[in-house]
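Trainee:
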Amino acid sequence: MPADILKFEKRPKLKPEPEVAARQAKVSDGGRFEALDILRGLFMVGMLLANNAGDWGHIYTQMDHADWHGFTLTDMVFPGFMVCVGLSMTLSLGRRMAAGGKTAMILHIARRAAILVGIGLFLNLLPNFDFAHWRFPGVLQRIGVCYFLASMLMLFHSHVSKDGKLVIHARPLALWAGGLILGYALVLRFVPVPGFALVQGSAPLQNFGSVASWPAYVDRMVFTTSHVWQQALTDGKITYDPEGLLSTFPAIFNILAGLLIGLYIKEKTPKAAWIGVMMVGIALMIAGVGLDAQIPIIKKLWTSSFALLTSGFAMFVLSLLMIVMDQFGWKKWAFPLRVFGTNAILAYVAAWLLSVLFDVIGLSGIVTHWLSSFIHDPYAMSATYAVGFLVMMWLILLPFYLKRWFLKV
4 MPADILKFEK
14 RPKLKPEPEV
24 AARQAKVSDG
34 GRFEALDILR
44 GLFMVGMLLA
54 NNAGDWGHIY
64 TQMDHADWHG
74 FTLTDMVFPG
84 FMVCVGLSMT
94 LSLGRRMAAG
104 GKTAMILHIA
114 RRAAILVGIG
124 LFLNLLPNFD
134 FAHWRFPGVL
144 QRIGVCYFLA
154 SMLMLFHSHV
164 SKDGKLVIHA
174 RPLALWAGGL
184 ILGYALVLRF
194 VPVPGFALVQ
204 GSAPLQNFGS
214 VASWPAYVDR
224 MVFTTSHVWQ
234 QALTDGKITY
244 DPEGLLSTFP
254 AIFNILAGLL
264 IGLYIKEKTP
274 KAAWIGVMMV
284 GIALMIAGVG
294 LDAQIPIIKK
304 LWTSSFALLT
314 SGFAMFVLSL
324 LMIVMDQFGW
334 KKWAFPLRVF
344 GTNAILAYVA
354 AWLLSVLFDV
364 IGLSGIVTHW
374 LSSFIHDPYA
384 MSATYAVGFL
394 VMMWLILLPF
404 YLKRWFLKV
């Protein structure tokens with residue numbers, strides 16, 4: 004792997020001078036938006052807890068994904084992280100423009116998306132390198148593809164001002180976001196899948212199921228059942244992938260929602276924007292829940308109602324963080340979350356690699372057996388293991404944070 008594909012960026016510490024403090028009150032191109040770092044950290048904590056249960060047969064409801072229709076707190080994590088990706092895009096535009104204009108931005112975006120997809124594909128091969136059942140979709144693959152497509156839409160609907168700054172046209176991006184949500188909803192609700200009758204009944208409808216829905220059908224046709232998530236079973240058969248191809252399009256909405264709210268925050272500054280962010284978040288959550296009767300909230304199909312609900316949830320939590328951190332200036336409490344939020348890529352990849360290693364050498368089984376000897380409730384034992392893994396990851400990341408080494412792609 005070439006040395007410049009993954010690199011650590013060392014960020015200098017800012018001195019507490021008055022003019023620096025003034026600049027921190029406003030989100031500027033390339034600056035740190037601390038509430039975003041903490042939001043990203045919260046979602047990383049949720050992701051690590053959900054991905055590292057001690058006993059997969061005994062998981063507290065809110066630490067697991069919904070079986071199908073409905074949602075849990077864990078279901079908010081991945082789409083919320085996608086909103087963070089969109090928010091982050093608004094903070095790096097000026098630096099990329101200064102580095103070489105739109106051409107440099109396109110190359111950077113394509114390179115970053117390709118690396119994310121590549122890392123995701125590599126992780127899916129571990130530990131057995133079973134190419135015959137190599138899962139093609141995945142979390143990092145979805146982030147990379149959605150990031151690339153959302154970025155291309157952003158660049159298409161923008162222009163460079165006379166002073167060399169990128170000016171983004173929010174209205175067409177909002178129309179794209181709405182069109183993706185509406186179009187996906189209409190296809191799933193009203194267009195029959197070949198070989199299946201369109202059932203119009205009470206939710207959840209057959210056309211929102213794991214077999215007769217368009218996302219499941221497309222995954223089986225494009226990837227075949229050998230190259231999707233092998234645990235995605237329906238009546239003992241592999242039928243779909245929760246990060247499949249067609250459901251990528253409504254996931255773009257989450258990034259566009261983050262990008263648009265990020266533009267609003269930049270315009271208003273975090274200290275003044277929190278109430279607008281909160282109102283938009285509440286409105287999107289109400290819209291998602293209200294749509295559930297016709298378009299069921301299903302994470303594994305990333306339905307339109309799910310995209311609305313999760314985007315709104317991320318914005319609502321962000322607004323609370325903006326109140327605490329920007330209105331009241333309470334920031335010290337967030338230090339543990341900042342360690343995760345500022346090094347999210349490293350946290351995700353390192354946690355995956357360690358989890359695979361622990362399974363291969365049998366350490367996870369040894370630890371869970373030891374925990375079971377004095378924690379007799381299997382649900383409590385499973386959660387304790389997950390929390391312990393989280394603490395271990397925090398201790399691994401802490402030296403990187405203290406030295407201000409941040410993994411970049």
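First residue of the sequence shown? That's 4 in the numbering used here, and the numbers climb one at a time after it. Cβ atoms here follow ideal geometry from the backbone N, Cα and C, with glycine treated the same way. Bear in mind the structure is a predicted one, so any value in this text is a computation, not a measurement.
Is residue 163 helix, strand or coil by DSSP?
Mentor: Correct three-state label for residue 163: strand.
Trainee: Considering only residues of the stretch 317-350, which uninterrupted alpha helix (DSSP H) runs meet the minimum length of 4 residues and lie entirely inside it, listed in chain order?
Mentor: As far as the stretch 317-350 is concerned, its whole alpha helix (DSSP H) runs of at least 4 residues are 338-344.
Trainee: So, residue 382 versus residue 61, is the Cβ gap smaller than 9 angstroms?
Mentor: Contact flag set, yes.
Trainee: Whole angstroms is fine: what's the gap from residue 279's alpha carbon to residue 266's?
Mentor: Straight-line Cα distance between these residues: approximately 12 angstroms.
Trainee: Tell me which residues share the same chain as residue 341 and place their Cβ nearer than 8 angstroms to its Cβ, disregarding the 5 neighbours each side in the sequence.
Mentor: The residues are 37, 40, 41, 44 and 404.
Trainee: Along the alpha helix (DSSP H) that carries residue 221, what are the first and last residues, could you check?
Mentor: Looking at the DSSP string, the run of the alpha helix (DSSP H) that includes residue 221 is 217-225.
Trainee: Just to confirm before moving on: does the CB-CB distance between residue 201 and residue 194 stay below 9 angstroms?
Mentor: Yes, they are a contact pair.
Trainee: Can you grab the Cα-Cα spacing for the pair residue 256 / residue 188, in whole Å?
Mentor: The alpha-carbon atoms of residue 256 and residue 188 are separated by roughly 13 angstroms.
Trainee: Going straight from the alpha carbon of residue 25 to that of residue 401, what length do you get?
Mentor: Reliability of the predicted coordinates at residue 25 is poor, the pLDDT of 42 falling under 50, and the value obtained from them is presented with this limitation in mind. Cα-Cα distance, rounded: 28 angstroms.
Trainee: Quick one, which of 65, 361 and 153 has its alpha-carbon nearest residue 392's?
Mentor: The option with the nearest alpha carbon to residue 392 is 361.
Trainee: Are any of the Cβ atoms in chain C nearer than 9 angstroms to that of residue 321?
Mentor: The displayed structure is made up of one protein chain only, and chain C is not part of it.
Trainee: How should residue 145 be labelled, buried or exposed, when 16 other C-beta atoms within 10 angstroms of its C-beta is the threshold for buried?
Mentor: By the 10 Å Cβ count, residue 145 comes out buried.
Trainee: Could you tell me the distance, in whole angstroms, from the CA atom of residue 135 to the CA atom of residue 230?
Mentor: Looking at the two C-alpha atoms, the distance is approximately 8 angstroms.
Trainee: Should residue 23 go down as buried or exposed, given a rule of 16 or more other Cβ atoms within 10 Å for buried?
Mentor: Since pLDDT at residue 23 reaches only 38, below the 50 mark, its modelled position is unreliable, and the value read off the structure follows with that caveat. Answer is exposed; the Cβ neighbour count stays below 16.
Trainee: Quick one, are the C-beta atoms of residue 228 and residue 241 less than 9 angstroms apart?
Mentor: The answer is yes: Cβ separation under 9 angstroms.
Trainee: On the DSSP bridge assignment, give the partners of residue 171 in chain order.
Mentor: Answer is 161.
Trainee: If residue 310 and residue 253 are in contact, beta carbons under 8 angstroms, what's the gap, nearest whole angstrom?
Mentor: Contact holds; Cβ gap of about 5 angstroms.
Trainee: Between 149, 387 and 143, which lies nearest to residue 92 when the distance is taken from Cα to Cα?
Mentor: Residue 149 is the option with its Cα nearest to residue 92.
Trainee: Closer than 6 angstroms by C-beta to residue 329: which residues in its own chain qualify, once you throw out the five before and the five after it? Chain order, please.
Mentor: Closer than 6 angstroms at Cβ, skipping near neighbours: 273 and 274.
Trainee: Using the beta-carbon count (16 or more within 10 Å), is residue 299 buried or exposed?
Mentor: Result: buried.
Trainee: What does the alpha-carbon distance come out to for the pair residue 297 and residue 347?
Mentor: So the two alpha carbons sit approximately 36 angstroms from each other.
Trainee: Using a 10 Å radius around the Cβ and a threshold of 16 neighbouring Cβ atoms, would you call residue 355 buried or exposed?
Mentor: Looking at its Cβ environment, which holds 16 or more other Cβ atoms inside 10 Å, residue 355 is buried.
Trainee: Here's a check: name, in chain order, each residue in its chain whose Cβ is nearer than 8 angstroms to the Cβ of residue 64, leaving out the five neighbours to either side.
Mentor: The answer, listed in chain order, is 75.
Trainee: Check for me: the alpha helix (DSSP H) holding residue 266 runs from which residue to which?
Mentor: Start and end: 251-271.
Trainee: Could you tell me the alpha carbon to alpha carbon distance between residue 49 and residue 394, rounded to whole angstroms?
Mentor: C-alpha separation (whole angstroms): 13 angstroms.
Trainee: Enumerate in chain order the residues of its own chain whose CB-to-CB distance from residue 123 is below 6 angstroms, with the five nearest sequence positions on each side excluded.
Mentor: Result list for residue 123: 141, 143 and 144, in chain order.
Trainee: Apart from the five residues on each side of it in sequence, which residues of its chain come closer than 6 angstroms, Cβ to Cβ, to residue 126?
Mentor: Correct list, in chain order: 355.
Trainee: So is residue 210 buried or exposed if we call it buried at 16+ other beta carbons inside 10 Å?
Mentor: Residue 210 should be labelled buried.
Trainee: Quick one: give me the first and last residue of the beta strand (DSSP E) that residue 409 is part of.
Mentor: Per DSSP, residue 409 belongs to the beta strand (DSSP E) from 408-411.
Trainee: Note down the Cα distance separating residue 397 from residue 165, rounded to an integer number of angstroms.
Mentor: If I take the Cα positions, the gap works out to 45 angstroms.
Trainee: Under a three-way DSSP split, which group does residue 291 fall into?
Mentor: Three-state result, residue 291: helix.
Trainee: Select from 264, 292 and 269 the residue whose C-alpha is nearest the C-alpha of residue 281.
Mentor: Among 264, 292 and 269, the Cα nearest to that of residue 281 is on 264.
Trainee: Would residue 277 pass as a contact of residue 322 if the rule is Cβ separation under 9 angstroms?
Mentor: Going by C-beta atoms, residue 277 is nearer than 9 angstroms to residue 322.
Trainee: How should residue 2 be labelled, buried or exposed, when 16 other C-beta atoms within 10 angstroms of its C-beta is the threshold for buried?
Mentor: Shown here, the chain extends from 4 to 412; a query on residue 2 therefore has no answer.
Trainee: Report all residues from its chain with a CB closer than 7 angstroms to the CB of residue 339; omit the five preceding and five following residues, and keep chain order.
Mentor: Within the same chain, residue 339 has close Cβ partners 397.
Trainee: Do residue 316 and residue 79 have their beta-carbon atoms positioned less than 9 angstroms apart in this structure?
Mentor: It is a contact, given that the beta carbons lie within the stated cut-off.
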